[in-house]
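In the working numbering, the protein residues as written are 6 to 272. Have a look at the structure below, then the notes.
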Ligand code: ZN
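Here it is as C-alpha cells:
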C-alpha cells in the first residue's frame, strides 16, 4: 500500500473558523491543500480569498458546492451554479463539487427529479467548459436521496458523465460510496475521471444522517483500500478531509487540525 497523497482541508471540518483563519491554519499546520465552501468564500470575498490562497501556496482541491438543481426556481438554481463556476475559476479550484439536490418540495417523482438534475448539468456545462472548471458529480449516500441528492451511486454518476462528456468527472467521498457492492467495478470505470477524493469515516452507531461523520480511523470504512482504487484509476489529487460533525465542531479547531494531521495515516 502506498502512502496517502497530500492532505487538503475541507473548510467545513473547521466550521467555526473564517476562511482567512482556515487558510492561515493550513499554512501553519503544513496542510498543503484547501477546499472552501461557498459561504465562507463569499464572506471573505472571492478575489481576496483567491489572493490569500495563492500567497499561502495552497492547492485548491475543490469548491463546495454547486448543484441543488431541484431546489426552488430552475432559473435561480442555474444562475447560482453559474456564479459557483465563476468562483471555482477565480480560486483555481481543481473542480466544482456538485451536490445535485433531492426531491423537489412536495414531490414523489424521483425519475423526474433525476431528469431535472441531468437538464441542469447539461445547461451549465458549456460555461464550465469555457471556464476550465470540471463539474465533479458527487454521489451521496442513498439515505439523503429525498433531501440532498437523487444521485446516489458512483455508477449513476458515471452514467451521467458518459452522457454529458467533456468537463464532467466524479467526486468520490468514501462516506457515500463505501457500502456499494459495485464499488470496485465502478472505481475502475472511473479511470481518468476522479476529480476529487473526500475522506472521513462511518461511525457505528451513526447518530445523525448528515452531521455525525468520524475522522479517518474512527469508523468502519477501509479508506486506504478505496484510495488504492482511486490511484489505480489515475487519481493524483489531494486527500480532502471533510468532516461534517456536531461533535468535532464543538471542539477547539486547533485540536481538530492536530487530529486531522495525525489521522492522515488512516487515509
Ligand atoms: Zn464530500
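Every residue, glycine too, gets a C-beta built ideally from N, C-alpha and C.
| Query | Result |
| --- | --- |
| Reference residue 142; option with closest CA among 111, 100, 193 | 100 |
| Contiguous alpha helix (DSSP H) assignments of at least 4 residues, all confined to the segment 218-252 | 228-237 |
| Residues passing the C-beta test against the ligand ZN heavy atoms, cut-off 5 Å | 178, 203, 247 |
| Cα-Cα separation between residue 120 and residue 106, rounded to whole angstroms | 11 Å |
| CA nearest to the CA of residue 168, picked from 236, 147, 200, 124 | 124 |
| Cβ distance (whole Å) where residue 9 is taken to contact residue 265 below 8 Å | That belief does not hold up - the Cβ atoms of residue 9 and residue 265 are roughly 12 Å apart, past 8 Å. |
| Uninterrupted beta strand (DSSP E) stretches inside the segment 59-123 (no shorter than 3 residues) | 68-72, 101-104 |
| Reduced DSSP category for residue 204 - H, G, I as helix; E, B as strand; rest coil | strand |
| Per-residue burial, residue 92 [other beta carbons within 10 Å of its own, 16 or more giving buried] | buried |
| Test item: CB-CB of residue 219 and residue 206 under 8 Å | yes |
| Per DSSP, cross-strand counterpart(s) of residue 12 | 244 |
| Residue 174 in three-state terms, based on DSSP | strand |
| Residue of 108, 165, 114, 96 minimising C-alpha distance to residue 137 | 96 |
| Buried versus exposed, by CB contacts within 10 Å (16 or more), residue 7 | exposed |
| Contact belief for residue 165 with residue 173 at Cβ below 8 Å, rounded distance in angstroms | 7 Å |
| Own chain, CB closer than 8 Å to residue 155, minus 5 neighbours either side, in chain order | 75, 105, 106, 107, 108, 115, 118, 119, 122 |
| 7 Å CB neighbourhood of residue 235 in its chain, flanking five on each side removed | 177, 192, 199, 202 |
| Which listed residue (237, 13, 128) has its alpha carbon closest to that of residue 86 | 128 |
| Supposed contact pair residue 57 and residue 30 - C-beta distance, whole angstroms, cut 8 Å | Rounded, the Cβ-Cβ distance is 12 Å, inconsistent with contact. |
| Residue 141, DSSP secondary structure in three states | strand |
| Cβ neighbour criterion (16 or more within 10 Å) applied to residue 48 | exposed |
| Local conformation of residue 199 per DSSP, three classes | strand |
| Under 8 Å between C-beta atoms of residue 18 and residue 247 | yes |
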